[in-house]
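Read through the structure below, which is laid out as C-alpha cells, and then see the notes.
Written out as C-alpha cells, the structure reads:
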C-alpha cells in the first residue's frame, strides 16, 4: 500500500474516531493488531463495545466505500474481535456491536464526509 493511501486511510479513521468521541465513546484502540488480523477502531461507552470497520476513498467511482466490506472481511473482524476480547481480563461484560463507516475525502484538505452505520454486520 502506498504512503498516500495509508495517509488517506489514517485520516478517515481519525475522523471516525472523533465522531465516536463526540457521541460519548472512549476510543480504546485504532489499528489494533490481533495476530495477523487488524481492527480499525475499538470504542466503548458504558457496557457497549463497538468495533468499527472504516473504509476511506477519494470518490464513489467504484461504489460506496462500505460496499467493499465483503463476507470474508466480516468474518475476519468477528474472529479478531473474539480473540481481542478473550485476551482482556479487565474488560468485564460488554455488549458487542459491529459498525461500519464509509469516509469520502475527495481531495487534500477537504472535510471528510462520513456515512456511519451502527450494527452494520
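Residue numbers (this note's numbering): 29 to 149.
We put the CB at the ideal spot given by N, CA and C, even for glycine.
Bear in mind that the values here come from a model prediction, so they are computed numbers and not experimental data.
Check: In DSSP terms, what residue 73 is bridged to; Outcome: 76
Check: With 16 other Cβ atoms within 10 Å as the buried cut-off, status of residue 48; Outcome: buried
Check: Under the three-state DSSP convention, the category residue 142 falls into; Outcome: strand
Check: Same chain, Cβ closer than 6 Å to residue 112, neighbours up to 5 away in sequence not counted; Outcome: 62
Check: Enclosing beta strand (DSSP E) for residue 113 [first to last residue]; Outcome: Counting along the chain, residue 113 falls outside any beta strand (DSSP E), though it belongs to the alpha helix (DSSP H) covering 99-114.
Check: Rounded straight-line distance, which links the Cα of residue 129 to that of residue 96; Outcome: 11 Å
Check: Strand pairing of residue 124, partner residues [DSSP]; Outcome: 77
Check: Under the three-state DSSP convention, the category residue 67 falls into; Outcome: strand
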